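Take 13 as the starting number for the sequence shown in this note's numbering and just add one per residue.
For each residue, glycine too, the CB sits at the ideal point set by N, CA and C.
Since we're looking at a predicted model, the values are computed, not measured.
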Amino acid sequence: MTSKMKPNGSAKISIKDKTIELPVYSGTVGPDVVDISKFYKESDHFTLDPGFTSTASCESQITFIDGDKGTLLYRGYPIDELAENSNFIEVAYLLLQGELPNEEEYQQFNHNITYHTMVHEQFKTFFNGFRRDAHPMAIMCGAVGALSAFYHDSTDVTDQRQRVVATHRMIAKMPTIAAMAHKYTVGQPYIHPRNDLDYTENFMQMMFAVPAEKYEINPVLAKALDKIFILHMDHEQNASTSTVRLAGSSGANPFACIAAGIACLWGPAHGGANEAALRMLEEIGDVSNIPEYIKRAKDKSDPFRLMGFGHRVYKNYDPRAKVMREACHEVLDALDIRQEPTLKVAMELERIALEDEYFVEKRLCPNIDFYSGITLRALGFPTEMFTALFALARTVGWIAQWKEMYEDPAQKIGRPRQIYTGAAERRFIPRAKR
Ligand code: CMC
Numbered sequence: 013m014t015s016k017m018k019p020n021g022s023a024k025i026s027i028k029d030k031t032i033e034l035p036v037y038s039g040t041v042g043p044d045v046v047d048i049s050k051f052y053k054e055s056d057h058f059t060l061d062p063g064f065t066s067t068a069s070c071e072s073q074i075t076f077i078d079g080d081k082g083t084l085l086y087r088g089y090p091i092d093e094l095a096e097n098s099n100f101i102e103v104a105y106l107l108l109q110g111e112l113p114n115e116e117e118y119q120q121f122n123h124n125i126t127y128h129t130m131v132h133e134q135f136k137t138f139f140n141g142f143r144r145d146a147h148p149m150a151i152m153c154g155a156v157g158a159l160s161a162f163y164h165d166s167t168d169v170t171d172q173r174q175r176v177v178a179t180h181r182m183i184a185k186m187p188t189i190a191a192m193a194h195k196y197t198v199g200q201p202y203i204h205p206r207n208d209l210d211y212t213e214n215f216m217q218m219m220f221a222v223p224a225e226k227y228e229i230n231p232v233l234a235k236a237l238d239k240i241f242i243l244h245m246d247h248e249q250n251a252s253t254s255t256v257r258l259a260g261s262s263g264a265n266p267f268a269c270i271a272a273g274i275a276c277l278w279g280p281a282h283g284g285a286n287e288a289a290l291r292m293l294e295e296i297g298d299v300s301n302i303p304e305y306i307k308r309a310k311d312k313s314d315p316f317r318l319m320g321f322g323h324r325v326y327k328n329y330d331p332r333a334k335v336m337r338e339a340c341h342e343v344l345d346a347l348d349i350r351q352e353p354t355l356k357v358a359m360e361l362e363r364i365a366l367e368d369e370y371f372v373e374k375r376l377c378p379n380i381d382f383y384s385g386i387t388l389r390a391l392g393f394p395t396e397m398f399t400a401l402f403a404l405a406r407t408v409g410w411i412a413q414w415k416e417m418y419e420d421p422a423q424k425i426g427r428p429r430q431i432y433t434g435a436a437e438r439r440f441i442p443r444a445k446r
């Protein structure tokens, strides 16, 4: 273990005729951990845990989830309190620095982010290489990785100042790049960032403004989107965050690490689920079709799953889904589209699934993605942009986790083991003799 934690017990594992004693540590909250780092040395055995269902990959002080209670804390603060009372910049500061900022710290951090939102003019030429119908996540993977080809002065990870500058650059430029990916695919001119707007408002105007018209920000919608961003900012050692940490463990520059995180987030079992959930609700189309889809979700011979349901960690209601459900209603009310058919299907599907024996028994509840698709679409975002928005918000968590990993004195390159079940050593046979 890396901090000054002292073992508060031990676990014994007997293998063949040897008993190995392993230290046990307690975190602030959450299950105790058995430290198996010396296990191989002492036992000549590896441990096997595909999908890391029982394995803590690191020590962290950023985010905590209690999956049974359905709580999510950023640096100790419940997610719903932050979503209700704070804003993107303040929560970003909290995740990165560990404490909420005072007024002066807030203004300084806000300034640093605001004044890094523009991208190098030449950067725009990258976009021309993509097909117009490219998925925004494909563009994001490429464009964010390409930041390291522009900002050489912040790629030396051994330099603390460069790490800070890279952090500001990525948080600041992510909305600009995401909006550019959208504008490129719809064939509209890129809209420059505006320093008089806050982080989320600025993103909305870069997404939706066109030079021919004045763009008015609707404060209710901007607040709802800001909340959605806060909900997505960090989530412990999920697949994309672990990807960022693993990429960073080799000393790779932060822009490359975040590009790796974006690639991982793209998958439908992770960040792509909100897109998949909305498509599913549209496919269901009418509440009368719900029983058929519930039946399919329970059928083991059918690969169909209820998208937006279930979670590796939450075995109770996803606390983010509660806030997202409220945000969804706020947005639909503000736009006066409460009768939205997909919302009707969603609410009925949620009601039926929460009472269904199969879902109750397996503790499958709606996750954040169940309502986020409806909300984002009502806000005007095309479906292909949903995961890009997730990436924008999660960038803060990825960087906070990357920073924590990098600053950990015990950090070493991530290098999992395996159980090899392929062919044992054999001799090469020339092709003519095979
Ligand atoms: N619909 C129907 N059955 C399900 C579902 C679902 N959405 N999710 C899990 N199950 C069943 C699954 O078939 C399995 O049944 P059995 O025990 O009989 O084999 C049982 O529940 C446990 O599922 P699992 O796949 O072993 O659980 P997991 O922890 O590996 O998977 C999950 C978690 C999120 C990948 C999965 O629930 C899923 O595919 N959900 C739909 C996709 C989705 O909404 N993903 C977004 C996750 S939240 C976003 C984020 O935090 O990144």
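Cβ neighbours of residue i in the same chain (closer than 6 angstroms, five flanking residues each side left out)
i: N207; result: T126
i: E342; result: A236
i: Y305; result: I296
i: I203; result: M218 and A221
i: A365; result: F371
i: Y105; result: P113 and F121
Neighbourhood of residue i by C-beta, 8 angstroms cutoff - its chain only, sequence neighbours within 5 removed
i: I240; result: M336, A339, S384, T387, L388, L401 and A405
i: E294; result: T354
i: L34; result: S22, A23, K24, I25, V46, D47, I48, K50 and F51
i: P201; result: K195, V222 and P223
i: T179; result: L108, P266, I411 and K415
i: V36; result: P19, N20, G21, S22, A23, D44, V45, V46 and D47
i: M417; result: C70, R257, G260, S261 and Q423
i: I27; result: S55 and H57
Secondary structure of residue i, DSSP reduced to three states
i: A238; result: It is Asp, not Ala, that sits at residue 238 in the sequence shown. Helix, per DSSP.
i: K445; result: helix
i: Q430; result: coil
i: T67; result: coil
i: S26; result: strand
i: L361; result: helix
i: P353; result: helix
i: Q10; result: As shown, the chain starts at 13 and ends at 446. That puts residue 10 outside it, with no answer to give.
i: V232; result: helix
i: Q200; result: coil
i: Q249; result: strand
i: Y86; result: strand
i: P331; result: helix
i: V45; result: strand
i: V131; result: coil
i: E33; result: strand
i: D80; result: coil
i: T255; result: helix
i: T407; result: helix
i: F142; result: coil
i: T212; result: helix
i: E394; result: With the sequence shown as reference, residue 394 is identified as Pro, and Glu is not the correct amino acid for it. Of the three classes helix, strand and coil, the one that applies to P394 here is coil, per DSSP.
i: P480; result: Nothing in the structure corresponds to residue 480, since the chain is present only between 13 and 446.
i: F121; result: helix
i: T167; result: coil
Residue i classed as buried or exposed, judged by whether at least 16 other C-beta atoms fall within 10 angstroms
i: P187; result: buried
i: F58; result: exposed
i: G323; result: Per the sequence shown, the amino acid found at residue 323 is His instead of Gly. Classification for H323: buried.
i: N122; result: buried
i: D238; result: buried
i: Q217; result: buried
i: D246; result: buried
i: H244; result: buried
i: N20; result: exposed
i: E287; result: buried
i: P315; result: exposed
i: Q120; result: exposed
i: E362; result: buried
Other residues of its chain near residue i: CB distance less than 7 angstroms, five sequence neighbours each side excluded
i: A272; result: T255, V256 and A259
i: D61; result: T67
i: K30; result: S55
i: G284; result: W278 and T399
i: R332; result: L84, I91, L243 and I380
i: T407; result: M182, I183, M186 and I270
Cβ-heavy atom distance, residue i to the ligand COA, below 8 angstroms
i: H247; result: As for the ligand COA, it is missing from this structure, which binds only the ligand CMC.
Closer than 8 angstroms is the cut-off here; do at least three beta carbon pairs connect the segment 346-359 with the segment 252-272?
No, the segment 346-359 is not in contact with the segment 252-272.
Count Cβ pairs between the segment 188-202 and the segment 161-178 that sit closer than 8 angstroms; are there 3 or more?
The segment 188-202, when compared against the segment 161-178, does not touch it at the 8 angstroms Cβ threshold.
Any contact between the segment 143-150 and the segment 85-99? By contact I mean 3 or more CB pairs, one from each, below 8 angstroms.
Fewer than three Cβ pairs drawn from the segment 143-150 and the segment 85-99 lie within less than 8 angstroms of each other, which leaves the two stretches out of contact.
With a cut-off of 8 angstroms, do at least 3 Cβ pairs link the segment 45-53 to the segment 275-293?
No contact exists between the segment 45-53 and the segment 275-293.
Are the segment 302-321 and the segment 359-377 in contact at 8 angstroms, needing three or more beta carbon pairs?
Counting C-beta pairs with one atom in each stretch, the segment 302-321 and the segment 359-377 have three or more that are closer than 8 angstroms, which means they touch.
Three Cβ pairs or more, each shorter than 8 angstroms: is that satisfied between the segment 69-86 and the segment 326-336?
With the rule of 3 Cβ pairs closer than 8 angstroms, the segment 69-86 counts as touching the segment 326-336.
Stretch pair the segment 434-445 + the segment 176-184: three plus CB contacts closer than 8 angstroms
Contact fails: fewer than three Cβ-Cβ distances are below 8 angstroms.
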